[in-house]
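Here the protein sequences line up with chains A and W, keeping their order.
In our numbering, each number is its position in the first sequence, counted from 1, plus 23.
In our numbering, each number is its position in the second sequence, counted from 1, plus 954.
Yeah, the Cβ is synthetic: ideal placement off N, Cα and C, and Gly gets one too.
Here's the structure we're looking at; comments come further down.
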Amino acid sequence: MRGDPYAPLRPPYAIARPRSSTAALSKGDLQVADPAANAASHPAGDDPSRRDFIHIAAITAAAGAAGAVAWPFIAQMNPSADTLALASVEYDLTKIEPGLQVTINWRGKPLFIRNRTPEQIASAVKDDGASMPDPQPDAERHKDGKANWLVLVGSCTHLGCVPTVGGGDYGGWFCPCHGSHYDTSGRIRKGPAPKNLVVPEYAFLSDTKVKIG
Amino acid sequence: MSGHSTYQPKSGFSRWMDQRLPVGRLVWDSFVDYPTPRNLNYWWTFGAILSLCLGVQILTGIVLAMHYTPSAAAAFSSVEHIMRNVNYGWLIRYMHANGASMFFIAVYLHMLRGLYYGSYKAPREILWILGCVIYGLMMATAFMGYVLPWGQMSFHGAVVITNLLGAFPIVGETITTLLWGGFAVDEPTLKRFFSLHYLLPFMIAGVVILHIWALHVVGQNNPTGVDPKSKADTLPFTPYATVKDGFAVSVFLILFAIFVFYMPNALGHADNYVPANPLVTPSHIVPEWYFLPFYAILRAVPDKLMGVLAMFGAIGCLFALPWLDTSKVRSMRYRPQAKLYFVIFLVVCVILGFCGAKLPDDQVIPGLTTFTLVDSPLNSFVWLSRLATLYYFAYFLVIMPVLGLTEKPLAVPETIATPALSHPATVPAEATAAPEMKG
């Protein structure tokens, strides 16, 4: 370090100029002009390892700061508090005749509530042993003793289209986008979808009222 | 390629400017004096056409953004407001919507030109990859722009495409939630898509500058694929390329105008004039025409994740092409076998586009039901697209690497000028085809 910071700057690292401008710079030309000045800029103890430490510490701090600044800019893209607050919805089941389905909006997605006929339940139970991409018995897809009520997220597990009720080879749902066939239990049977229609978290508040979410 | 500058500032001001910010020199060196191969054909005019397309999209887009409302409740009606109330709003919107299709027509022809004449080969790898980056940005921009009117196709297109990313194991759901800003495509999704749709064209413009920079470092390829060796092989950019580009741009604008004024909705889908309804998916959902081949590849694979990987892989092949093609000869003009496979590749791309627009289980040849193999109805679009997908990947991953080693190319001319000057039509020696060499 210099004793007097306001002293006129001598160039301690000045490069010895080659005599002729056409002469190529050889390694030997890159000498420090004044060895004394060089020594002054490197007082005892100011060794390279200490400098390395400062460099690494500064770069690490800067990287940490950059990450800390980037975090809110990425996190703002996640669902906001009001979106997260729209969690549950209640529905009165008396409106749904056997064999029919209603579609309601839940968290911006369609939600199917289907009142299955005994034949539809029977056909779902009959296929419990059939080979399917995501095997699951029908009993696991409805609440105990409420086999007629099927509550499903109405998004195809392939790419999120809304399957149409009653379509397809298995009488459950058919997705018009890429041809996935679901059975009357909402299980994937044929087509590109990898999973069964999702059963959301729900509970019966009474025999005729259900709360989803 | 870029030799020393021949720019001569003419006025006092341009001399003063040249010493401070040599913009005039840059323009002169890049677009006036810049040497272009003398044998460039009309396939080399798409650079100018594409620059125009980007300009049109940015200009019309900025105007549309002045009248558009990015909210789930008001987006659809604000687009109708543009169509019905805003002065010339219909014209500007039709220019923007059809401009996107024109942009893709031009970029596909530009890419096929590069494929045919080997414009991706050394030393033009970075130039080619920058082009692929532009294409990727274009697809992202076009996709997000299509969502903005918030019609049925907009909405469910967005649902399908964002769900593609959900196919990735473990991180998939986190990515889609982050992308949507909720549990489904909704208000926050529309708002961020609008913001990004405004941003990306300027990123495209930035990469275009890099693309042109890289082009001017390595120089243009040409139909022979032989690098210019002397001044006899080149012509100055102005007037030769500028006038040719100008003519091609005019022809292109006629096509553009036919669409804008006579068939503005021919390339769109009627369902997008129905406001978005998250509870009902249109019975037949298709992307815009320029995505159809990739959509067909996605549907061709029965597994969700593999389908998504195949779709992205189809684009990924383009990035790797400079190293997949092993042929020493650039231009397919001298590769008769490669030419044949290239034509099949073209047909396959069209077939894929056609399959992408159809329902997968529909019959290709109506009425023929006996054509089945092990319970698989082969007479269906999904099987046709499987076949085409197979060729698409084979072209890049098998044919290109193997053919370069096995085929025997035709004799490649020594220089660009050789075939032109030795042509019978140019036999009289005084009929030199290099006017700039006179005097």
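- One alpha carbon belongs to P71(A), the other to A86(A), and they sit about 22 Å apart.
- For W1277(W), the enclosing alpha helix (DSSP H) covers residues 1258-1278.
- Three or more Cβ pairs closer than 8 Å define a contact, and the segment 1226-1237 of chain W meets that threshold against the segment 1102-1116 of chain W.
- Considering only beta carbons, the part of the segment 170-197 of chain A lying closer than 7 Å to chain W consists of H181, L182, G183, C184, V185, in chain order.
- Identification of chain A residues near H1110(W) by a Cβ-Cβ cut-off of 7 Å yields C184, ordered along the chain.
- Under the Cβ distance rule, R130(A) counts among the residues neighbouring chain W, one pair being separated by less than 9 Å.
- Counting C-beta pairs with one atom in each stretch, the segment 1020-1034 of chain W and the segment 1189-1209 of chain W have fewer than three that are closer than 8 Å, which means they do not touch.
- Look at L173(A) here: in three-state DSSP terms it is strand.
- Around the CB of F1213(W), 16 or more other CB atoms lie within 10 Å, so the residue is classed as buried.
- Every beta strand (DSSP E) stretch that sits fully inside the segment 973-1039 of chain W and reaches 3 residues is listed by chain position as 989-991.
- For G183(A) against V1114(W), the beta-carbon gap comes to about 6 Å, under 8 Å, which counts as contact.
- For the segment 142-159 of chain A, there are no residues whose beta carbon sits under 7 Å from a beta carbon of chain W.
- For H1050(W), the enclosing alpha helix (DSSP H) has its first and last residue at 1043-1070.
- Within chain A, the C-beta atoms nearer than 8 Å to that of F1137(W) come from P102, T106, R130, G131, K132, in chain order.
- Only buried fits M1092(W), as 16 or more other CB atoms lie within 10 angstroms of its CB.
- Runs of alpha helix (DSSP H) with 4 or more residues, each lying fully within the segment 99-157 of chain A, are found at 104-108, 141-149, listed in chain order.
- In the DSSP assignment, D206(A) is bridged to G194(A).
- Close partners of G1261(W) in chain A (Cβ separation under 7 Å): P215.
- Going by beta carbons, I1298(W) and Y1349(W) fall inside the 9 Å limit.
- Residues of the segment 82-100 of chain A with a C-beta atom less than 7 Å from some C-beta of chain W are M100, listed in chain order.
- In the DSSP assignment, S1184(W) falls outside any alpha helix (DSSP H) and carries neither an H nor an E.
- Here V1171(W) is exposed, its C-beta having fewer than 16 other C-beta atoms within 10 Å.
- The same chain holds no residue with a CB closer than 6 Å to that of M1217(W) once the five nearest residues on each side in sequence are set aside.
- A distance of 9 Å or more separates the beta carbons of G1072(W) and V1356(W).
- Taking one beta carbon from each stretch, the segment 1073-1081 of chain W and the segment 166-181 of chain A have fewer than 3 pairs nearer than 8 Å; the two do not touch.
- With fewer than 16 neighbouring CB atoms inside 10 Å of its own CB, W1167(W) falls in the exposed class.
- Taking a beta-carbon distance threshold of 9 Å, P121(A) does not count as an interface residue toward chain W.
- Look at A226(A) here: in three-state DSSP terms it is strand.
- Distance from the Cα of E142(A) is smallest, within the candidate group G122(A), Q159(A), V233(A), P95(A), for G122(A).
- Excluding the 5 residues flanking it on each side, Y1288(W) has same chain C-beta neighbours closer than 6 Å at P1363, L1364, V1366, in chain order.
- L116(A) and F135(A) have their C-alpha atoms some 12 Å from each other.
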